[in-house]
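A.B. asks: Shown below is the structure under consideration.
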Amino acid sequence: MTIINNTIENSLENIANISSMMNIDELLVFSLNLENTETKVIRLDVPTKIVYINISIENFIESILHNEKNDFWKHNLNSLYILRDGDYLDLHVIFETINNRKVQVVRGSSQKSHVVSPIDSRLSCYMMILYNMNYQKFSENNAFNYMNKKRYLPTF
Numbered sequence: 007m008t009i010i011n012n013t014i015e016n017s018l019e020n021i022a023n024i025s026s027m028m029n030i031d032e033l034l035v036f037s038l039n040l041e042n043t044e045t046k047v048i049r050l051d052v053p054t055k056i057v058y059i060n061i062s063i064e065n066f067i068e069s070i071l072h073n074e075k076n077d078f079w080k081h082n083l084n085s086l087y088i089l090r091d092g093d094y095l096d097l098h099v100i101f102e103t104i105n106n107r108k109v110q111v112v113r114g115s116s117q118k119s120h121v122v123s124p125i126d127s128r129l130s131c132y133m134m135i136l137y138n139m140n141y142q143k144f145s146e147n148n149a150f151n152y153m154n155k156k157r158y159l160p161t162f
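In our numbering, the protein residues as written are 7 to 162.
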């Protein structure tokens, strides 16, 4: 999970081009809204398959997480979830049950010493794509840089 301070401005066409250069064949972006909004889907198939889904949390839970016809775990491998105006506790509620199975969202990194897990690596790649490969802009907008250490260290 990453927390971004500002709106990210990038086009889906540009995201598709950068994803293609990084050999990412498919990227599903779920923009989750706390308000009950109409679901909107935008698809691009060239040069990389990009699907942007703007959806309310209620509809996301019903149509994606609790829909047995939808294989959430298969799609999750290529998905990025953007929670708008929410926080970590909202994630617990949203991802409490997936395909009738209880799951637990945990806090903390999966890094072991200096080795980075595939999920951390993938998130970093997706964030760099969204920021048009501009590391400076990505770093400046990462809320982690402005957090009190008590928020993320187990003991301080």
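Using N, Cα and C, we set each Cβ at its ideal position, and we do this for glycine too.
Remember, it's a predicted structure, so these values are computed and weren't measured experimentally.
Taking one C-beta from the segment 38 to 46 and one from the segment 71 to 78 each time, how about it: are there three or more such pairs within less than 8 Å?
C.D. replies: These segments do not touch.
A.B. asks: If we ignore side chains and look at the alpha-carbon of each, how far apart do L97 and P53 end up?
C.D. replies: Rounded to whole angstroms, L97 to P53 spans 32 Å at the Cα level.
A.B. asks: For the alpha helix (DSSP H) holding Y94, just list the boundary residues, first then last.
C.D. replies: That run of the alpha helix (DSSP H) goes Y94 to I100.
A.B. asks: Report back the beta-carbon spacing between L86 and L33 to the nearest angstrom; my notes put them in contact at under 8 Å.
C.D. replies: L86 to L33, Cβ: 7 Å. Contact.
A.B. asks: Using only CA atoms, which one of S130, A149 and F150 lies nearest to Y3?
C.D. replies: The structure shown has nothing for residue 3, since the chain only spans 7 to 162.
A.B. asks: Quick one: Cα of A22 to Cα of M139, how far?
C.D. replies: One C-alpha to the other measures close to 13 Å.
A.B. asks: Going by DSSP, which residues form a beta bridge with R128?
C.D. replies: DSSP lists no partner for R128.
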